[in-house]
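Heads up: the structure comes next, in structure tokens.
2 protein chains.
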Amino acid sequence: MTTDRPTLHFVLLALLTLRAQSGFDLSRTFTEVASHYWSARHSQIYPALARLEADGLVEHRREPSERGPERKVFSLTSGGRDALLGWAAEPADEAPLRDEQTVKALCYGLLPTEVALSQLREVRERHARRLEEYSTLEGQIASASSAAPPLPDPARLGILLTLRRGITFESGYVEWCDAATELLTTSDVAASRPRKATPGA
Amino acid sequence: MTTDRPTLHFVLLALLTLRAQSGFDLSRTFTEVASHYWSARHSQIYPALARLEADGLVEHRREPSERGPERKVFSLTSGGRDALLGWAAEPADEAPLRDEQTVKALCYGLLPTEVALSQLREVRERHARRLEEYSTLEGQIASASSAAPPLPDPARLGILLTLRRGITFESGYVEWCDAATELLTTSDVAASRPRKATPGA
DNA sequence: GGCTACATGTAACTAGTTACATGATTCC
DNA sequence: GGAATCATGTAACTAGTTACATGTAGCC
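Which chain is which? The protein sequence lines are A and B, in order. Using our numbering, you'd call the opening residue of the first sequence number 1 and step up by one each time. Using our numbering, you'd call the opening residue of the second sequence number 202 and step up by one each time.
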């Protein structure tokens, strides 16, 4: 059964291993705890769940909401679990990276130094903030069972690994911002570049 | 003139600041030296160049090829340069990250340990290899003018910054692979997980 | 009644990939 | 003649975003 399936489907299956969730829950999961490795809007999630259900990989039960209309809470079927594990066991094929910020950095030699430096400050702060968030979360997960319903061990391990990935990513970004700032501040390579109030150089 | 433009357009303008290039050249540039921060196929590049030219941001001259049909070599117009610098001066808005490998890691608690470990070995090697490539290139660029036509200083600074970004990214990934390997190998969190020859547990 | 949050969906569009199509030049 | 590389384009499709649409329940 190697039906060709978009990656998003497997991402949804993976998130459903953590707990049964509705489309609405999954949408929040993406923005709240998975944004550093995947994201999707509800307009993409609902049709994907429908298709996964049609293919027998997930099933749902209806549940009243605390506040709002009835929820459709999805969980993995055993077929869904098999499909997920089959996918997860294969190494990921290389997906293209796209980082707008790095493209902007490619232009720093053509921008006034102060503009580049202030942009780097802003970017650094953004990533430093996330780094802190992930570190805090990691501490909470790593120290035994702080979650109200303590996570089962496989989920705990998985979440810990994704948090650590977030941490290495963000700390790498912060490191780069610092190195770039230093290069722009001190290096001779930056000497002959446009500056605000120095028409001559 | 704040026409809304896809990011790819600005990426192409940025690459054209390095040197005048044909669509074919740009296509190779993406796979050879820009793949760690952007990529695009020729089927996307040619229409984008046509639109940039129609909008007056680039222009081309026809040039005979060494081997093959006539080339259309594009370069920035002054309007294109202005548009690029205006874009580059604004901090990048946050684009969603998508890393399939991290999603797989989320499932490691459900996979046999050896499968996860061997996957991590493969991934680590991939990133370590790239890290080495970027480091080598950085050394060549950083040590003065090794390029046949020595790069103008702004281009040299820009390229150096993108290489450094590649280096911090890849070394962060390698670091994560090592930490994940250790976690799977030694931690008690991994103790109660499926193993090849233990059907019970 | 009006506002906010919960909840599920569809439609229209944009960005990006894969596949198709064509043709020049060089090397074997 | 055939294969490989250079070179430019279009068509069809997939993935993802933005906008539209609808309705519930609770609070003020």
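Don't be surprised by glycine CBs; every beta carbon is placed ideally from N, CA and C. On a predicted model such as this, the values are computed, not experimentally measured, just so you know.
Per-residue contacts from residue i into chain B (C-beta, under 8 angstroms)
i, result
"arginine 62 (chain A)", "Here the premise fails: no neighbours, minimum Cβ distance about 27 angstroms."
"aspartate 82 (chain A)", "Within 8 angstroms Cβ-Cβ: nothing; aspartate 82 (chain A) doesn't reach chain B, min ~11 angstroms."
Contacts of residue i in chain A (Cβ-Cβ under 7 angstroms)
i, result
"threonine 303 (chain B)", "Tyr37, Thr162 and Arg165"
"alanine 356 (chain B)", "Gly109"
"phenylalanine 225 (chain B)", "Per Cβ cutoff of 7 angstroms: no residues; phenylalanine 225 (chain B) is ~19 angstroms from chain A at best."
"proline 292 (chain B)", "Gln119, Glu122 and Val123"
Residue-chain proximity (residue i, chain B), Cβ-Cβ < 9 angstroms
i, result
"arginine 129 (chain A)", "no"
"glutamate 122 (chain A)", "yes"
"tyrosine 46 (chain A)", "no"
"glutamine 119 (chain A)", "yes"
"leucine 52 (chain A)", "no"
"leucine 15 (chain A)", "yes"
"threonine 186 (chain A)", "no"
"arginine 126 (chain A)", "yes"
"leucine 85 (chain A)", "yes"
"glycine 68 (chain A)", "no"
is_contact[residue i, chain A] using C-beta, thresh 9 angstroms
i, result
"valine 259 (chain B)", "no"
"proline 207 (chain B)", "no"
"phenylalanine 275 (chain B)", "no"
"arginine 413 (chain B)", "Here chain B comprises residues numbered 202 to 402, so residue 413 (chain B) is not present and cannot be evaluated."
"tyrosine 374 (chain B)", "yes"
"glycine 280 (chain B)", "no"
"glutamate 183 (chain B)", "The first residue shown for chain B is 202 and the last is 402, placing residue 183 (chain B) beyond what the model contains."
"threonine 410 (chain B)", "With chain B covering only 202 through 402, there is no way to say anything about residue 410 (chain B)."
"glycine 340 (chain B)", "no"
Exposure of residue i, with buried meaning 16 or more beta-carbon neighbours within 10 Å
i, result
"proline 248 (chain B)", "exposed"
"glycine 310 (chain B)", "buried"
"threonine 251 (chain A)", "With chain A covering only 1 through 201, there is no way to say anything about residue 251 (chain A)."
"serine 279 (chain B)", "exposed"
"glycine 80 (chain A)", "buried"
"threonine 31 (chain A)", "exposed"
"proline 207 (chain B)", "exposed"
"alanine 116 (chain A)", "buried"
"aspartate 294 (chain B)", "exposed"
"glutamine 222 (chain B)", "buried"
"alanine 381 (chain B)", "buried"
"glutamate 63 (chain A)", "exposed"
"histidine 42 (chain A)", "exposed"
"arginine 164 (chain A)", "buried"
"aspartate 205 (chain B)", "exposed"
"alanine 255 (chain B)", "exposed"
"arginine 331 (chain B)", "buried"
Per-residue contacts from residue i into chain A (C-beta, under 8 angstroms)
i, result
"arginine 220 (chain B)", "Near arginine 220 (chain B) there are no residues of chain A at all, since even the closest Cβ is about 13 angstroms away, more than 8 angstroms."
"leucine 250 (chain B)", "Simply none; closest approach about 17 angstroms."
Proximity test, residue i beta-carbon vs the ligand ATP heavy atom, cut-off 8 angstroms
i, result
"tyrosine 335 (chain B)", "This structure lacks the ligand ATP, and indeed carries no ligand of any kind."
Where residue i meets chain B, residues with beta-carbon distance less than 7 angstroms
i, result
"valine 115 (chain A)", "Ala290"
"valine 11 (chain A)", "Val304"
Curious, which full-length beta strand (DSSP E) runs of at least 3 residues does the region 252-299 of chain B contain? As summarised for the region 252-299 of chain B, the continuous beta strand (DSSP E) elements at least 3 residues long and confined to that stretch are 259-264 and 272-277, given in chain order.
Report the residue ranges of all beta strand (DSSP E) runs contained in full by the region 157-183 of chain A; include only those spanning at least 3 residues, in chain order. As far as the region 157-183 of chain A is concerned, it has no whole beta strand (DSSP E) run of at least 3 residues.
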